[in-house]
Amino acid sequence: LILPEPEGVKVPEKIAKLAECRWKARQSKDWAASDRFRDELAEKGWMVKDGRDGYEVLPL
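In this text, residue positions in the sequence shown follow this note's numbering: the first is 193, and each later residue adds one.
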């Protein structure tokens, strides 16, 4: 489940896909893969804020 984007921020499709892959890795408790996706997102200028039922993608 993806939480709403902050007002005025459009998340590029490629970034959204990376965030979704990270979420799936977390759900599978594949922490190493989750960390790799998080690091890749950070390198591209984005962060993921996790919630109980989803996540939010934010620019750094």
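Beta carbons are placed, not taken as given, at the ideal position from N, Cα and C, and that holds for glycine. Computed from a predicted structure; not experimentally measured.
Counting along the chain, the unbroken alpha helix (DSSP H) around K209 starts and ends at E205 to Q219. If the five residues before and after P251 are omitted, its C-beta is found closer than 7 angstroms to the C-beta atoms of V201, G237 and W238, all from its own chain and listed in chain order. E232 has its alpha-carbon roughly 22 angstroms from the corresponding atom of R244. Cβ contact annotation for A208 (same chain, cutoff 7 angstroms, sequence separation greater than five): V249, in chain order. A211 counts as buried, since no fewer than 16 other beta carbons sit within 10 angstroms of its beta carbon.
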